[in-house]
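Chains L and Y, in that order, give the protein sequences.
Its first residue numbered 10, the first sequence is counted upward by one per residue in this note's numbering.
Its first residue numbered 100, the second sequence is counted upward by one per residue in this note's numbering.
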Amino acid sequence: METKVTSYKHCDLVKTEGRVDSATAPQFSETLQGITDQGRFKIVLDFGSLDFISSAGLRVLINTQKTCKRYNRGEVVLASVPANIYAALDLSGFTSLFQIFDEVTNAVGYF
Amino acid sequence: MKMITVPGRYKNLVELSEFIRQAAQEAGLDDFAIYSVETAVEEACTNIIEHAYGGEGNGDIQCKCQVSDEGLTIFLHDQGKPFDPKSIQEPDIHAPLKKRKSNGLGLYIMRQWMDDVKFEFDPQKGNTLTMFKGKEKKR
Chain L
10 METKVTSYKH CDLVKTEGRV DSATAPQFSE TLQGITDQGR FKIVLDFGSL
60 DFISSAGLRV LINTQKTCKR YNRGEVVLAS VPANIYAALD LSGFTSLFQI
110 FDEVTNAVGY F
Chain Y
100 MKMITVPGRY KNLVELSEFI RQAAQEAGLD DFAIYSVETA VEEACTNIIE
150 HAYGGEGNGD IQCKCQVSDE GLTIFLHDQG KPFDPKSIQE PDIHAPLKKR
200 KSNGLGLYIM RQWMDDVKFE FDPQKGNTLT MFKGKEKKR
């Protein structure tokens with residue numbers, strides 16, 4: 010897994026590539042916590058190059074969403090989600106918990 | 100029947116995933132079915148490492164694949180503690196964010212995406228999980 014964080018004025022964009030599984034979920038969590046620890050809670054996850062996500066990755070998503078939405082201070086949104094990943098999110102009931110955008114630019118513009 | 104044995108560590112699951120993908124392709128599964136099988140195996144192996152072995156580096160995971168006209172059967176074998184699937188509560192996937200629990204999803208995904216999931220425990224032979232994915236789509 011590779012992540013690249015770009016900080017914009019109103020949000021942080023995290024491009025996530027490869028596999029988020031039991032082996033890499035701790036690193037994914039650390040990256041996101043690095044953002045929220047700076048007091049930044051508006052996060053766009055660009056999943057355009059994400060190949061695989063397991064329940065370990067889904068756990069990171071839900072925990073980060075809980076952190077960001079606390080006190081209405083922000084939100085995690087997803088962008089450019091591949092069909093297989095969307096199916097995993099949908100199966101797990103995550104599509105009602107995250108705004109999902111087709112295009113990264115629209116997701117960034119949402120904040 | 101093809102077989103691979105890997106040490107029970109999370110980083111070794113990628114190798115297992117490659118092995119499963121190849122077998123699923125040979126079985127003639129479509130792209131989404133292949134992804135489902137890879138996910139189910141990843142979840143099953145994570146459970147083996149976490150619950151049966153109580154952590155990484157405590158034992159091996161053996162994986163066998165059987166390709167048939169109907170689809171793909173996967174056998175996962177470990178020598179850890181028996182795991183009672185009934186002890187895992189099914190997640191409430193409709194709960195609001197604040198009440199949403201993040202555990203129990205792995206087993207739920209396995210059961211939803213595979214056509215058959217069966218746990219067997221033998222004090223001598225160890226634990227065997229058998230999963231089947233048919234060629235017909237199940238979504």
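All residues carry an ideal CB built from backbone N, CA and C; glycine is no exception.
Secondary structure at Cys-77(L): helix, using DSSP grouped into helix, strand and coil. Neighbours of Tyr-152(Y) in chain L, taken as residues at a C-beta separation under 9 Å, are lacking, since the least C-beta distance is about 13 Å. Contact with chain L is absent for Glu-117(Y), since none of that chain's Cβ atoms lies less than 8 Å from the residue's Cβ.
With respect to the 8 Å criterion, Leu-22(L) and Asp-55(L) are classified as neighbours on the basis of their beta carbons. Going by DSSP, Pro-35(L) is part of the alpha helix (DSSP H) stretching over 34–45.
The beta-bridge partner set that DSSP reports for Asp-177(Y) consists of Asn-226(Y).
Contact of Ser-58(L) with chain Y is not assigned, every C-beta pair being separated by 8 Å or more. Collapsing the DSSP output to three states places Leu-106(L) in coil. Runs of the beta strand (DSSP E) spanning 3 or more residues and lying entirely within the region 153–203 of chain Y occur at 159–166, 170–177, in chain order.
Assigned with DSSP and collapsed to three states, Gly-57(L) falls in coil, not helix or strand.
If you draw a straight line from the Cα of Thr-40(L) to the Cα of Phe-110(L), it is about 21 Å long.
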